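In this note's numbering, the protein residues as written are 6 to 475.
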Ligand SMILES: Cc1ncc(COP(=O)(O)O)c(C=O)c1O
């Protein structure tokens, strides 16, 4: 079979085989109905153990990509909904030659596993839908939002005011409505920033391990993306490429490891950026939920040189479907970012933005964050205490957000596959690296999506699976 598999990957053979097969299914090289070779035959072809191929098949089966038919073999079902692509061979319209991006499966595309430790999903059951619906409905009335005219590209004025006030109280960020450019989520903010700051071929730096969608948008816009290591204090500033024009970082709660960047490292990063013409994108995506002492000040508040673009989102503090985030523009970038937003999608949805302004101003967001934060703190503590009891795991300290990581020397790909077969979804840390030789092995547990009544049972099951693969 014609499969390109990089078997020198540091994250284990199972993951390498799994990823190559998943990619081949997603891009149509392995179409629905195709029969896969027997595990032994493919293992021989690839020069790996049969168990690695079997584990990859089993994980893909659990995730709905493959189906096993007794006596007949293993067949391709297709990619789960959003990643399915038409076979493109006969289609004359193809993307430009250097476009290498496939849609990633979203969390909503997969059937919800029984023990759901996926990352990045807040608990929608905690969200005050009734209050939100009341506000949105009110803003959809005739005359509420000039529905016949076009809105402001930097965002609804009341929302820009509300965000500036909210950040002052909740994060100690000093800003004004003039700085706020409202976006369709953090991802849209990264896109706008890259468009106005980065030229094709420019070097940009991202954390490794890090947040794949940030890396992907930078690469899609032509940047040369370099992964830079993260240690106990955060991004290793001394290893940043000297030519980097932009650095993307998650200092409040490193994604996915979970640590906060130390104050010394924050200062070092700001000094580094000041010494050259470099911008820092500070992604503060989930630190409203904090479980211990007050967090360190955002980089934005320490930045006297105007180098930090602070990006926030309501995807975690509310729900992803609000699809709203923002960037705090520095004075020299305000107009360019506003124009980029106008060029991109005009101005977003005024009714949602106006409703969101009221959600903030009426204290509903603060109340929700307090209530949900307590629930998340309990789940965080329960997961950490379970992980602490498992031999061979090294829990990464974290005090905020919706996920926690643990390092290990076990074969994480095999454990994640076995877990998927048992109805337990947990993330493989290596999925957040692009192949750096310093890659760490580990697991990432999200606790927004998990049913609290099944959390302890899930952790017990995970402990048993880990022990089997230790
Ligand atoms: C590191 C990081 N940044 C940002 C986001 C939120 O992105 P968006 O606002 O585009 O939904 C997430 C969500 O998972 C994330 O993990």
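Cβ coordinates follow ideal geometry from the N, Cα and C atoms, glycine included.
Treat the numbers as computed from the prediction; the structure is a model and nothing was measured.
Between residue 58 and residue 44, the C-beta gap is smaller than 7 Å, which places the two residues in contact.
Every alpha helix (DSSP H) stretch that sits fully inside the region 94-145 and reaches 4 residues is listed by chain position as 134-144.
Per DSSP, the beta bridge partners of residue 78 are 74. In this structure, the alpha-carbon of residue 193 lies about 24 Å from that of residue 266. Checking the 6 Å criterion, the Cβ of residue 358 is out of range of every heavy atom belonging to ligand 1. Between the alpha carbons of residue 47 and residue 418 lies a distance of about 18 Å. The region 166-179 makes no contact with the region 198-214, as fewer than three CB pairs between them are under 8 Å. Residue 310 places its beta carbon 7 Å or farther from that of residue 272. Residue 207 and residue 70 have their C-alpha atoms spaced approximately 37 Å apart. Around ligand 1, the residues selected by a Cβ distance under 6 Å to any of its heavy atoms are 125, 190, 191, 192, 216, 255, 260, 288, 290, 318, 320, 325 and 330, following chain order.
Taking the CA atoms as reference points, residue 403 sits about 26 Å from residue 168.
Residue 211 has its alpha-carbon roughly 11 Å from the corresponding atom of residue 244.
For residue 118 and residue 410, the gap between their C-alpha atoms comes out near 19 Å. Spatial neighbours of residue 428 in its own chain (CB-CB distance under 7 Å, excluding positions within 5 residues in sequence) are listed in chain order as 118, 119 and 120. Nearest in C-alpha terms to residue 60, of all of 424, 438 and 445, is 424. A contact is defined here as three or more CB-CB pairs under 8 Å, and the region 366-373 meets this definition with respect to the region 128-148.
Shown here, residue 280 sits in coil according to DSSP, grouped into three states, outside any helix or strand. Counting C-beta pairs with one atom in each stretch, the region 124-134 and the region 447-455 have three or more that are closer than 8 Å, which means they touch. Taking the Cβ atoms as the reference, residue 187 lies roughly 6 Å from residue 353, within the contact range of under 8 Å.
If you draw a straight line from the Cα of residue 286 to the Cα of residue 39, it comes to about 44 Å. At least 7 Å separates the beta-carbon of residue 250 from that of residue 241. Annotation for residue 123: 112, 430, 432, 451 and 454 place their beta carbon closer than 7 Å to its own, counting only its chain and skipping 5 residues before and after. Between the region 255-269 and the region 143-160 there are fewer than three C-beta pairs closer than 8 Å, too few to call the two in contact.
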